[in-house]
Amino acid sequence: MPRIPRRVALTGSLAAAVALPLTGCSALTPSKASSDGDLVLRVQGMPPATEKPALALFKKQVAEFEKANPGIMVKGSTTVFDPLTFSAKLSGGNVEDVIKVPLTEPQRLIQQGQVQPITGQLQKWDHFKEFNPQVIKQLSSGDGEVYGVPQYPYAQGLVYNRELFEKAGLDPDSPPTTWDEVRAAAKRISERTGRAGFVHESKDNQGGWQLTMLTYAFGGDLEKLENGTYAATFTGEPTKKALRLLKDMRWKDDSMGRSQLNNQNDVIKQFAAGQVGMFMGSPGTYRLAKMQFGMADTDAFGVAAMPQSGGNATLTGGDVYLVPKSADARHAAAAVKWLTFAYAQPQYSTTAAAQQAKSLAEDPKSAVGVPTLPVFDAARQARIDAAIKPYANVRTEHFEPYTEGLAGLDLKAEPPYQAQRLYTALDSVVQAVLTKRDAKIDALLAAAEKDVNAKLAADQK
Amino acid sequence: MTALTTFVSAHDRRRPGVRAAVRSVHVLTLLVLLLIGVGPLYWMVKGAVTPPSELTTHPLALWPDRPLTGNFATAYHDLGVGRYLLNTCLIVGGSWFVQLFVSATAGFALSVLRPRFGRVVYGAVLATMFVPYTVNMVSLFVTVTDLPFLHLNLGDTYWAIWLPAGTNAFTVLLAKQFFDALPRELFDAARVDGASTRQLLTRIVLPMSRPVLAVISLLAIMHSWKDFIWPLVALTDPEKQPISVALAQLATQAPQDQLIAAMVLAVAPPVLVFVVCQKYLVAGLGFTGVKG
Amino acid sequence: MSLLATEPTRAAAVSKESPAGPARRRRGRAVRGQLTAWAFLVPALLVFGFFAWWPILRGLLISFQRTNLTDPPTWVGLDNFRSLFADPLLTTAVGNTLLFVALAVLIGFPAPLLLAAVISTVRRGAGVYRFLVYLPVVIPPVVAILLWKWFYDPGSGLFNSALGLVGLGPYSWLESSGSAMLSLVLEATWAGMGGAVLIYLAAMVGIPGELYEAAEVDGAGVRRRVWHVLLPQLRSVIGLLLLVQLLNTVQVFTEPYVFTGGGPESATLTVLLLIFRYAFQDGAYGQAAALSCLMVIVLALLSAVYLRVTRTWSSS
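Chains as they are written, first to last, in the numbering used here: chain A, 2 to 462; chain B, 8 to 299; chain C, 225 to 540.
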């Protein structure tokens, strides 16, 4: 601490004369040891106050970690990843020592050298080699260095409101498996209940993200690698088919509800209020619906595997915890300790998982037993699931259409290069289709592809 | 205050036709103003106590059947509105102080002390009026995250808001022009009495300049209370953000009724201040509003 | 601003005639005087140096550089400008911004003038009118926008529900590229009108009553008094406010950012939002700075006109 006042004095008589409380000052030198020699580790991933059970668990974990690792103080941050401001914060250099980003981001961050490899440290953990290679690949560089620890990996499915299904005379135990069936069900729901049959996201890059899922389900791809450079391929037939489906549902069937400019949170918020029949989402949206948006009737939450129309594939995703370049060696070492303790171990060890589940389940507002993709292999995941089962407070049978259907699907990652850029461009295509009756799908896609490719080409120069 | 002569004269008003017309225009205007002034505020309060299901099923109900009162507490504690309001106060307070301090000292130096090349400095200050900080936010951000020479990173600290708040050329101009108008004989007399330069400022100039200090304060406080884009860029840590930035994030992260309750809490302080001090504020704002 | 500024300027002209003598009497004292004077300028010099002058220069530099803020920047000449002009979104954003400005002037300009004219004729309770008209200005912009976003909601929003009662709509407001910008302008007008009304009112108070009386004696009716006395007397205030409005609306950001995020289909993507996206979404700081530079030039021209008008107004 003694250095700080001198630095401030350097900024001149102003700072000295201003004599404001130096509250803003404590953060001037992030990632430095506090006065009594403790190392302060700033980590993202602390749940917001609205998610009380999860926050309580986080605090408990922190206390246990600090007890097991004297000399390290963990300071949680609720900062959530936002592609709009994230690179600003990262370049600002005052980012935490552990950051939490969605699975789209690690590749870009690794390429831009904004995060640091943690392979050496992580290898000290006994089960390092058992990570699911499909998942770990997405957070490793080409030369095999690993950069992070994954959490709750998921595959997209179709979330649906079982109650609205029943009201519309549909069977909630056999949800749609093809997109034609989705269309028919959506039409029926909106006719019989007056609620939105199916809602598609269109804002904050999530329109492009959801169109990617649809494209995969129709058997297409949105990016290709040719001669070592990546290029967008928006004009494939599957993407066009997907958009034609949306167009028909929106304008012919009028089954997509009134409001069209939604991001994921908007959709889940409406779903939690019982206003939405179906949307593309993972089982993890259950947590948001229940804990953040206070869904009262959680028995109505149902989720099926992604319906297919020729693709037999679904999009995967998840959260990853990374260590930014700005953390020095001591902090990076402490960060990996924390990652192992808080995320790797509880997803591997049945006792740790059971303990976590138990403490979460103490609050009836928590969500325990939501299925995830295996972080390690399938056998390990089965053991974890079994260990959690006694504490599960979700209706596991309502997740069965998902887990059963998922087995037969290919799991595809997001577009590997600059996915967010593709999504931005596709957002406005989706918006056009959903808000303009006479939107020209082919022309829109061609124009978006051209724009994005100009940008991708410039970036790969 | 005697009645002002306007384009409708006293003579006009004596004619029944005109009088009726004028009166009905007045009443109509009053109704419209009530609708657009108080209406939205009322609707916001109503929305904050209405259960989300009722919000969608009976959107036009004037008051919910079973009003909720818990939303305000939820918004204040769980959504963190209390902390965001405190953050806003810190930001506003610091920005106000810096702006007043810089404007007063600079105005004093340029107007009363008049150092050599002072006019050059004044010109350079005024020139910044041509480059609004919003347009310049990218390079301001780059600068704030790595101050030249000092290599300090002010990002995610309140200094990143407070210090740039001082760069308001308009308030420097206001201060200087006001000080210019003060009688110089007073300063000379004070000098003869042995007053130091600092005492000249604090004992003579400032006490005589209350009106302009009030206007500068009003401008500074209004601006920093309403500012959105710069805190959005400079403060990414949710723990430090002001209410305006936090609300934009909460908009999609909170249930509708809680969000509206949070909005009511955010509106309450400025509206209350306005209601209490409106006599003084409306008079002052007539001048300051130009700066928008 | 000049309402306040006029009087001091006049007085300043008087005070300049008496030279600042005593400081020059002795050289030592003069030097010390200079030092003290500069010492009082230090806060302004530091603050303006770090947070105004340097960023302006730096912005110019970055527009010719490629930088990710972590590695040292490299010079790329006009590359940033080239990729800026190659981006079709630039035309969209400029067009959208002009549309916003045009609509804001069209709707937001006559409304406060009209309101002020009506309020100026109110004899009892004018304070209530003023209070009500200024109330929306007090609401923080983000709250106002979120409130209107709720009103605009195509499903359960106030507007569509109310209009539905009289058989109109439903309208898509923010959700169609045709009406999104108009919806933004309506909110912005509501939120910003109060300030202009108060300024017009202040100016109207300043119009000498004799002018009206003379016109009335000449047989001018109410309408002609408005047309031949009120409006000509307000000419300079009107010009001034028009320019202020132009300057402010060209920089529109919060409305599109919070309302629509630039959508639908980029219909509300404004120049400032594009700058923000380049920098903080794409990390293309150079390109963002290049666009900022172009915008500064436009704004500087507008501001120059503004200052000119202010000056002629204060002297007239």
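We put the beta carbon where it would ideally sit given N, CA and C, even for glycine.
Annotation for residue 151 of chain A: the continuous beta strand (DSSP E) segment containing it runs 149-156.
Membership of residue 279 of chain A in the beta strand (DSSP E) is indicated by the continuous run 277-282. Counting every other CB atom within 10 Å of its CB across the protein chains shown gives residue 312 of chain A a total of 16 or more, marking it as buried.
Residue 380 of chain C has its alpha-carbon roughly 13 Å from the corresponding atom of residue 261 of chain A. Residues of chain A with a Cβ closer than 7 Å to the Cβ of residue 125 of chain B do not exist; the shortest Cβ-Cβ separation is about 18 Å. Residue pairing by DSSP places residue 227 of chain A opposite A:230 in a beta bridge. Within its own chain, the residues whose Cβ lies closer than 8 Å to the Cβ of residue 51 of chain B, once the five positions on either side in sequence are excluded, are 267, 270, 271 and 274, listed in chain order. Between residue 314 of chain C and residue 323 of chain C, the gap from beta carbon to beta carbon reaches 8 Å or more. Rounded to the nearest whole angstrom, the CA to CA distance from residue 259 of chain A to residue 329 of chain A is 51 Å. Here the alpha carbon of residue 157 of chain B sits roughly 16 Å from the alpha carbon of residue 293 of chain C. Neighbourhood of residue 264 of chain A in chain B, by CB distance below 7 Å: 259, in chain order. Taking a cut-off of 8 Å on C-beta distances, the stretch 449-462 of chain C does not touch the stretch 483-500 of chain C, as fewer than three cross pairs fall below it.
Contact check between the stretch 262-271 of chain A and the stretch 219-237 of chain A: fewer than three CB pairs, one atom from each, fall below 8 Å, which does not count as touching. Just so you know, the alpha carbons of residue 247 of chain B and residue 91 of chain B end up roughly 7 Å apart. Contacts with chain A at 8 Å (Cβ-Cβ) include residue 310 of chain C. When DSSP reads this structure, residue 315 of chain A sits in a beta bridge with A:412.
Here residue 348 of chain C is exposed, its C-beta having fewer than 16 other C-beta atoms within 10 Å. With its beta carbon less than 8 Å from one in chain C, residue 109 of chain B belongs to the interface. When rounded, the separation of the alpha-carbon atoms in residue 47 of chain A and residue 283 of chain A is 21 Å. Residue 123 of chain B and residue 190 of chain B have their alpha carbons spaced roughly 21 Å apart. Residue 402 of chain A carries a helical assignment under DSSP once its states are collapsed to helix, strand and coil. The C-beta of residue 186 of chain A comes no closer than 8 Å to any C-beta of chain B. When only Cα atoms are considered, residue 213 of chain A and residue 221 of chain B end up about 56 Å apart.
Of the candidates A:131, A:305 and A:301, the residue whose Cα lies closest to the Cα of residue 182 of chain A is A:305. Annotation for residue 343 of chain A: no alpha helix (DSSP H) segment contains it, and DSSP assigns it neither H nor E. Each residue's CA atom was taken as its position, placing residue 110 of chain A and residue 121 of chain A some 19 Å apart. Residue B:233 holds the alpha-carbon nearest to the alpha-carbon of residue 478 of chain C among B:107, B:265 and B:233. Straight-line spacing of the CA atoms in residue 421 of chain A and residue 105 of chain A works out to 8 Å. If you ignore the 5 residues before and after residue 516 of chain C, its C-beta comes within less than 7 Å of the C-beta of 283 and 499, all in its own chain and listed in chain order. For residue 343 of chain C, the enclosing alpha helix (DSSP H) starts and ends at 334-344. Note: residue 305 of chain A is bridge-paired with A:159 in the DSSP secondary-structure output. Taking a contact as a CB-CB distance under 8 Å, the pair residue 186 of chain B and residue 115 of chain B counts as one, their CB atoms being some 6 Å apart.
Listed in chain order, the positions of the stretch 393-407 of chain C with a beta carbon within less than 8 Å of a beta carbon of chain A are 394, 396, 398, 399, 400 and 401. In the structure shown, residue 101 of chain A falls within a strand segment according to DSSP collapsed to helix, strand and coil.
Relative to the Cα of residue 427 of chain C, the nearest Cα in the group C:343, C:367 and C:259 belongs to C:343. In the three-state scheme derived from DSSP, where H, G and I count as helix and E and B as strand, residue 320 of chain A is classed as strand.
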